[in-house]
Structure formats: structure tokens, C-alpha cells
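Residue numbers for the sequence shown follow numbering that gives the first Met the number 0, beginning at 0 and rising by one.
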Amino acid sequence: MLMMNRAGRAGWRSAMVLALGAGLALAAPAGAQDSGARGDLLNATLWMQKSVEYKAATLAAFTLARMRLNQALADRKWTGAPDEQKGDFHNLPPAVVLDVDETLVDNSGYQAWMAVKGASFTPGTWTAFVNSETAKAIPGAVEFCKYAESKGVKVFYISNRTAEEEPATRRNMEKLGFPMGGNVDTVLTSREQPDWTSAKSTRRAYVAKSYRILLNLGDNFGDFTDAYRGTEAERLKVFEANKDRWGREWIMLPNPTYGSFESAAFNHDFKKTQAEQNKAKLEALEPWKGQ
Ligand SMILES: [Mg+2]
């Protein structure tokens, strides 16, 4: 995947697609089962698919989200999109915005496929996975979305899946029980409108024109801020500037399998080879000096 990307990934996926389009990447080499890519995915995917620790972490996130939803509903000054929510929003109807991949749906089957096959992300195999409609619900996700809907809160999905992938995405999510918006288009995919880039602020601004956004849930920094593609130091600075928002109006789901955290280590330069990316990631680590 672009590692990861996949999914929706935010931006990340787009960067990868660009890199692939430029002929730069990443075909899985023969014998890739011993590659660094597999090593990266093995523990992370095992944790997502098999651990009770992952399930407990996501349930906790959605339990917190439910409490924050109630708090936000009672406080008309509250907004989960402080950078996009403009003007007199206090009496707008309430909404929540949520990322899809690895926030609400679990695509670890695709990751596991890559780990087992020694394959790397390609847009073609990713779209085939999306079209298989086999993504699973992340523990607590459907229940949270239904709870929000039951409280009269519109549930918007802001995903970097593409317009081409939207029909299968909708069917997959509907089968899992997610509320799909009725007569409102609540699935906002990348490039559905010209300014809806993989950076998500324009889509939040679109929702914020008609709704008071109570909460934002995601698994990637880019689900919350367009400043996700900076260096690690720059990302840390933005993170710290928003410290009070985490666990309040912004709630992060765990995703160890891919994301901008990974590409930050190699400056989001998807022209780098897998070996170069792995080298940069190793160099980013802060190891014990040893005995
Ligand atoms: Mg995601």
C-alpha cells in the first residue's frame, strides 16, 4: 500500500496513485515474502485481525464518541470543525463527519492478502478489494453511527475512496448496517466535486455550510487537518497546536497498518523505492544504544 493507503487513505493513497501513474513504483518483487513490506504489515495486520486489544481500543473510542456527541448536542457553541465552521452555526442541524477506511470499516483483509502474498499496494488490486464488498465493520462503528442517527444527527462519510469505488462502498456499508443518509448524499468521495481533493477540509467546509459538525472521527492525521503531509517535526507541531481537541471533538481510531505517519518518515516521497522507504523508516527510529 501504499502502503497503506488504501483506503482511503487520505491523501496518501492519492500520492501513491500519482507515483504509480508516473511509473514509479512498486511492483512486488518475486520472493517478496521476505521484503520489508511484509515485515511492516505482519504484526500490524495480525493485531487488527486477531487481537482483543484492537477491538477494545476501537470500542473505547466509540464509547467516548457517544459521550462527546451528547455533550456536543447540549452545547450549541460546540463544533468539531473549528477551522471550517464559519458564521452563525449555532442553530444549524447537527452532523458528524467520519472517515471510512480503518475508521468505520476494516480493510485488513486486503492488508492480510498483501502480507501473505508479499504483494504491494496497487490501485487495481485495491479497487478489486473494494468491489468485493468484503470490508468488515470496526467494533463499535455501526452502533455509534446508528446512535448518532437516532439522536437526529446526520452522519457524513468523508472518504478518499474514488467516485468509481462509491457504489460498491455504499453497498458494503449498507450491508453492514451503517445509516446511509436517506435523501441526503452523505458519502463524500474524493474528486466528487472539483475542489474535493484528498485533503479533506473542503469537504468539511461543504458540510459545515448546512450543519453544525459535532465530531470528527478518523484514523489518519489527514482526516483532521490538511497539514498532514509535513515533516515529522511539522506534524508534531500541528498536533500539539490542536492538543485540546483530541478526545474531545476529534477522535482518532488506531491504525498501525498504513497512513501518513509512515510516509512522513520518507517525506511522503513515493518516488522512493521500497528499499529507500524502509531505510528512511529505520533511520527515523530512536533506538536504545545497546549494552
Ligand atoms: Mg482512514
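Cβ atoms here follow ideal geometry from the backbone N, Cα and C, with glycine treated the same way. Keep in mind the model is a prediction, meaning the values are calculated, not measured.
- Looking at the DSSP output, Trp249 bridges to Asn215, Trp245.
- For Lys288 and Val141, the gap between their C-alpha atoms comes out near 45 Å.
- Here Arg75 carries a coil assignment [DSSP, helix/strand/coil].
- Taking every protein chain shown into account, the CB of Gln273 has 16 or more other CB atoms within 10 angstroms, so this residue is buried.
- DSSP places Lys145 within a helical segment (H, G or I) once states are collapsed to three.
- If you look at Thr188, you'll find it in the beta strand (DSSP E) that goes 186-189.
- Residues Ser200 of the same chain have their beta carbon placed closer than 7 Å to that of Asp82, with the five preceding and five following residues left out of the count.
- Per DSSP, the beta bridge partners of Phe155 are Val96.
- It is roughly 12 Å from the alpha-carbon of Phe269 to the alpha-carbon of Phe120.
- With at least 16 other beta carbons inside 10 angstroms of its own, Trp77 counts as buried.
- The bridge partners DSSP lists for Ala136 are Val104.
- If you look at Glu231, you'll find it in the alpha helix (DSSP H) that goes 231-240.
- Around the beta carbon of His89, fewer than 16 other beta carbons sit within 10 angstroms, so the residue counts as exposed.
- In the structure shown, Thr161 adopts extended strand secondary structure according to DSSP, grouped into three states.
- Shortest gap from the CB of Glu164 to any heavy atom of ligand 1: 7 Å or more.
- Per DSSP, Pro255 lies in no alpha helix (DSSP H) and is assigned neither H nor E.
- Here Ile157 is actually not in contact with Leu214; their C-beta atoms are around 12 Å apart, not less than 8 Å.
- With contacts defined as CB atoms closer than 8 Å, Ser189 and Asn159 qualify as a contacting pair.
- Annotation: Ala147 to Leu72 spans about 10 Å, alpha carbon to alpha carbon.
- In the DSSP assignment, Ala274 falls within the unbroken alpha helix (DSSP H) covering 273-283.
- Going by DSSP, Tyr205 is part of the alpha helix (DSSP H) stretching over 200-209.
- With fewer than 16 other Cβ atoms from the protein chains shown falling within 10 Å of its own Cβ, Pro193 counts as exposed.
- Secondary structure at Trp287: coil, using DSSP grouped into helix, strand and coil.
- Under the three-state reduction of DSSP output, Glu52 falls in the helix class.
- Look at Glu261: its beta carbon is at least 7 Å from all of the heavy atoms in ligand 1.
- Spanning the alpha carbons of Val51 and Ala264 requires a straight line of approximately 29 Å.
- Inter-residue distance for Pro122 and Ala204 is about 28 Å (C-alpha atoms, whole angstroms).
- Put simply, the backbone Cα of Ala240 is about 12 Å away from that of Ala226.
- Shortest Cα-Cα distance from Val129 to any of Cys144, Val115, Thr161 involves Thr161.
- Relative to ligand 1, the beta carbon of Asn219 is positioned inside 7 Å of a heavy atom.
- Boundaries of the alpha helix (DSSP H) around Phe260: 259-263.
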